[in-house]
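Contents: one structure, followed by commentary.
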Amino acid sequence: MPTNGLNKALKLQFGLINHESRYLTAESFGFKVNASGPSLKRKQMWTLEQDERDAQVVYLRGHLGRYLSSDQDGRVSCEGAEPGAGSRFLIVAQSDGRWALQSQPYLRYFGGSQDHLSCFAQTVGEAELWAMHLALHPQANLLSVSRRRYAHLSQDHGEVSVDGNVPWGVHSLLTLVYLGGRYCLKTCDGRFLNHDGKLLHEPGRGTGYTLELRAGKLAFKDCEGRYLAPVGPTGTLRSGRCSKPGKDELFDLEESHPQVLFQAPNGKYVSIRQGQVRVVGWGSGVADGVTVSITGLLYYCSGLERIWGVNISANQDDETDMETFQMEIDRQSRKCTFRTKEGKYWTLVSHGGIQTTTTEVAANTMFELQWLGRRVALRACNGKYVCTKKNGQLAAVSDAVGKDEQLLLKLINRPMLILRGENGFVCHHKGSNTLDGSRSVYDIFTLHFSDGAYHIKGVDGRFWYVSSAGLVCADGEAPEDFFLELLERGRMGIKTQKGQYVHGHQGGTLKGDGQTASLWEY
272 MPTNGLNKAL KLQFGLINHE SRYLTAESFG FKVNASGPSL KRKQMWTLEQ DERDAQVVYL
332 RGHLGRYLSS DQDGRVSCEG AEPGAGSRFL IVAQSDGRWA LQSQPYLRYF GGSQDHLSCF
392 AQTVGEAELW AMHLALHPQA NLLSVSRRRY AHLSQDHGEV SVDGNVPWGV HSLLTLVYLG
452 GRYCLKTCDG RFLNHDGKLL HEPGRGTGYT LELRAGKLAF KDCEGRYLAP VGPTGTLRSG
512 RCSKPGKDEL FDLEESHPQV LFQAPNGKYV SIRQGQVRVV GWGSGVADGV TVSITGLLYY
572 CSGLERIWGV NISANQDDET DMETFQMEID RQSRKCTFRT KEGKYWTLVS HGGIQTTTTE
632 VAANTMFELQ WLGRRVALRA CNGKYVCTKK NGQLAAVSDA VGKDEQLLLK LINRPMLILR
692 GENGFVCHHK GSNTLDGSRS VYDIFTLHFS DGAYHIKGVD GRFWYVSSAG LVCADGEAPE
752 DFFLELLERG RMGIKTQKGQ YVHGHQGGTL KGDGQTASLW EY
């Protein structure tokens, strides 16, 4: 069973596109709705909520927290702060993947165009059909509902396999790419999943899928009307024989936490790899509360409960799963925990050492992360900074930040970077070399790590840089350093080499002249 229980399925946010290619829009004034939005922005985003008692009934919540509803005469609005009887809808999926929304109490269908929307049609026509355009960040982990396993790129088999207990490392990151009204699944190496299970370098007819929603879960319908499912012992992700989705064809999208490596001042990677030892018996002469160290393995004696722990040490030259840590940022305090693949957290122990002894988040597993340009510092709950001792072990014993307290942090599971700000996604500005941060579509950028900084490359192979006018441009011949600061859960600040932050100006243009961090969902 997956041990990544801290992850929950993402709430589905999407836009609804009518037969005239316009988005359903909740206006900020008057609680009115129309179908006049030309692109997917904040007013066009809807969140799907399921009824707790009836899984078939859904509610559509707009950007102001109000619910779409209809009365018995078909009049629609988005006024209620709580869902009422008129807010209950049924999704009637069509063969082409579009939805018909049926009022559950009145059995009428919702549709129309521009300002002329109603929920009064007795049958489904073209005006009552809506296409779903996902609005959540398109990079996520994919969990099979039936197998309870995660999808990942299997380099050994040249396929996407659904057999991962935890979504670990860069290979577990999948990107949903919206092309021509359908979605493609893109792996971390830039290939697209074809419906026969093969990975292709270019998208085509067989790589496009229509998303269908069944009881809050997603199904991927291919060009031939069949659905993706894990097949065989390794769970090869490919279209099966089913023309109707069952449990095997259903998936959850889960938040992809950043996973990082730390390199200490001694040039070694921080790791949980230690010398192995096997204890056959344990004598009775060890008192409660005593921690005994045996070749780096720690055994804590507390009455009947004895717990193994492992020192966190900077002692490795390789980058493996043992040197990779999942960084989870608390939404309220913005402090971080660091989790191993086995599900154990870095933990501050009584003598200031850092060990992995617990699977539960507590005060002594939380660390304040301070960004220092190319390096970071960590402060534990005892108020002390984490330093690297001469033997490589990490301990929170320092009162100030010096050389031994500085760590290099490397983000490893975002080789492809998609950024979304408060106004939309980041995309190349049409007709210029600048970037636009208010688009409903996104460009996929490539990250290249460089000694604590990152070089950001566009699809044309050119680099980001900041012009003399402060504009962020994307046609650089040579790379320029940017610093990524993971400041909130799922959001980062981007600092230029001059120490200013990238932010979106009115109209969407990106500039590198911010004094405070603008947050970008990544």
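The number in the working numbering is simply the position in the sequence shown, starting from 1, with 271 added. Glycine included, C-beta positions come from ideal geometry on N, C-alpha and C.
Query raised in the report: Secondary structure at residue 497, three-state DSSP: helix, strand or coil?
Result: If DSSP states are grouped into helix, strand and coil, residue 497 belongs with coil.
Query raised in the report: Cα separation between residue 498 and residue 489?
Result: Distance between the alpha carbons of residue 498 and residue 489: 11 Å.
Query raised in the report: When you compare only the Cα positions, how much space is there between residue 304 and residue 681?
Result: In this model, residue 304 and residue 681 are separated by some 45 Å (Cα to Cα).
**Report entry** Straight-line Cα distance separating residue 481 from residue 367
**Finding:** Answer to the nearest angstrom: the Cα atoms are 8 Å apart.
Report task. Take the Cβ of residue 712 as the centre, count every other Cβ of all protein chains shown within 10 Å, and call the residue buried at 16 or more, exposed below. Result -> By the 10 Å Cβ count, residue 712 comes out exposed.
Requested in this report: Tell me where the beta strand (DSSP E) around residue 431 begins and ends.
Outcome: Element bounds for residue 431: 430–435.
Query raised in the report: Hey, quick one: how far does the beta strand (DSSP E) through residue 484 stretch, first residue to last?
Result: For residue 484, the enclosing beta strand (DSSP E) starts and ends at 481–485.
**Report entry** Closest residue to residue 759 among 616, 726, 515 and 603 (Cα-Cα distance)
**Finding:** When 616, 726, 515 and 603 are compared, the shortest CA-CA separation from residue 759 is found for 603.
Query raised in the report: Nearest to residue 391 by alpha carbon, out of 371, 407, 404 and 402?
Result: Closest by alpha carbon: 371.
Query raised in the report: Does DSSP classify residue 780 as helix, strand or coil?
Result: Per DSSP, reduced to three states, the secondary structure at residue 780 is strand.
Query raised in the report: With C-beta atoms as the reference, is residue 505 less than 8 Å away from residue 585?
Result: Not closer than 8 Å, so no.
Report task. Please determine if the stretch 437–446 and the stretch 586–598 are in contact, where contact requires at least 3 C-beta pairs separated by less than 8 Å. Result -> Yes: the two stretches touch, three or more of their Cβ pairs being nearer than 8 Å.
Query - Contact under 8 Å by Cβ, residue 704 with residue 745 - result: Contact flag set, yes.
Query raised in the report: Just the Cα atoms here: how many angstroms apart are residue 417 and residue 532?
Result: Roughly 32 Å between the two C-alpha positions.
Query raised in the report: How big is the Cα-Cα spacing for residue 775 and residue 737?
Result: Between residue 775 and residue 737, the C-alpha separation is close to 13 Å.
Query - Residues near residue 452 by beta carbon distance below 7 Å, same chain, minus five either side - result: Short of 7 Å from the beta carbon of residue 452, and not among the five residues preceding or following it, lie these beta carbons of its own chain, in chain order: 402.
Report task. Please confirm if the stretch 507–515 is in contact with the stretch 426–433, defined as three or more CB-CB distances below 8 Å between the two stretches. Result -> Three or more Cβ pairs drawn from the stretch 507–515 and the stretch 426–433 lie within less than 8 Å of each other, which places the two stretches in contact.
Query - C-beta atoms of residue 747 and residue 784 nearer than 8 Å - result: Not in contact: residue 747 and residue 784 (Cβ atoms no closer than 8 Å).
Requested in this report: Please report how far the alpha carbon of residue 778 lies from the alpha carbon of residue 709, in whole angstroms.
Outcome: Residue 778 and residue 709 have their C-alpha atoms some 7 Å from each other.
Report task. Taking only runs that begin and end inside the stretch 424–473, name each unbroken beta strand (DSSP E) of 3 or more residues, in chain order. Result -> Counting only runs of 3 or more, we get 430–435, 445–450 and 453–457.
Report task. Could you check the C-alpha separation between residue 485 and residue 521 for me, to the nearest Å? Result -> Residue 521 has its alpha-carbon roughly 8 Å from the corresponding atom of residue 485.
Query raised in the report: Cα-Cα, which of 648, 581, 415 and 767 is closest to residue 615?
Result: Shortest Cα-Cα distance from residue 615 to any of 648, 581, 415 and 767 involves 581.
Query - Element boundaries [beta strand (DSSP E), containing residue 639] - result: 639–643 is the span of the beta strand (DSSP E), which, as asked, contains residue 639.
Report task. Classify residue 543 as helix, strand or coil using the three-state DSSP reduction. Result -> If DSSP states are grouped into helix, strand and coil, residue 543 belongs with coil.
Query raised in the report: If residue 636 sits next to residue 608, beta carbons under 8 Å apart, how far is it from one beta carbon to the other, in whole angstroms?
Result: By a beta-carbon distance limit of 8 Å, residue 636 contacts residue 608. Their separation comes to about 5 Å.
Query raised in the report: Does the stretch 318–327 come close enough to the stretch 686–701 to have 3 or more Cβ pairs within less than 8 Å?
Result: Note that the stretch 318–327 does not touch the stretch 686–701; fewer than 3 beta-carbon pairs, one per stretch, sit closer than 8 Å.
Query raised in the report: Do you know how far the Cα of residue 657 is from the Cα of residue 288?
Result: Distance from the CA atom of residue 288 to the CA atom of residue 657, rounded to whole angstroms, is 51 Å.
Query raised in the report: Considering only C-alpha positions, which residue in the set 381, 751 and 755 is nearest to residue 683?
Result: Selection 381, 751 and 755 evaluated against residue 683 yields 755 as nearest (Cα-Cα).
Query raised in the report: What does residue 705 pair with, by DSSP beta-bridge criteria?
Result: DSSP, once it has assigned bridges, lists 744 as partnering residue 705.
Query raised in the report: For residue 328, which beta-bridge partners are listed by DSSP?
Result: Paired residue(s): 361.
Query raised in the report: Can the beta-carbon of residue 455 be found less than 8 Å from the beta-carbon of residue 444?
Result: Going by C-beta atoms, residue 455 is not nearer than 8 Å to residue 444.
Query - Straight-line Cα distance separating residue 395 from residue 358 - result: Within the model, the alpha-carbon separation for residue 358 versus residue 395 is close to 19 Å.
Report task. Since I believe residue 766 is in contact with residue 753 (beta carbons under 8 Å), could you give me their beta-carbon distance rounded to a whole number of angstroms? Result -> The beta-carbon separation of residue 753 and residue 766, rounded to 7 Å, stays under the 8 Å limit for a contact.
Query raised in the report: Three-state secondary structure (DSSP) at residue 313?
Result: It is helical.
**Report entry** Residue range of the unbroken beta strand (DSSP E) whose run includes residue 696
**Finding:** Looking at the DSSP string, the run of the beta strand (DSSP E) that includes residue 696 is 695–699.
Query raised in the report: By Cβ distance below 7 Å, which residues in the same chain neighbour residue 788 in space, the five residues on each side in sequence not counted?
Result: Non-local beta-carbon contacts of residue 788 in its own chain, meaning distances under 7 Å to residues more than five positions away in sequence, involve 756, 758, 764 and 772 in chain order.
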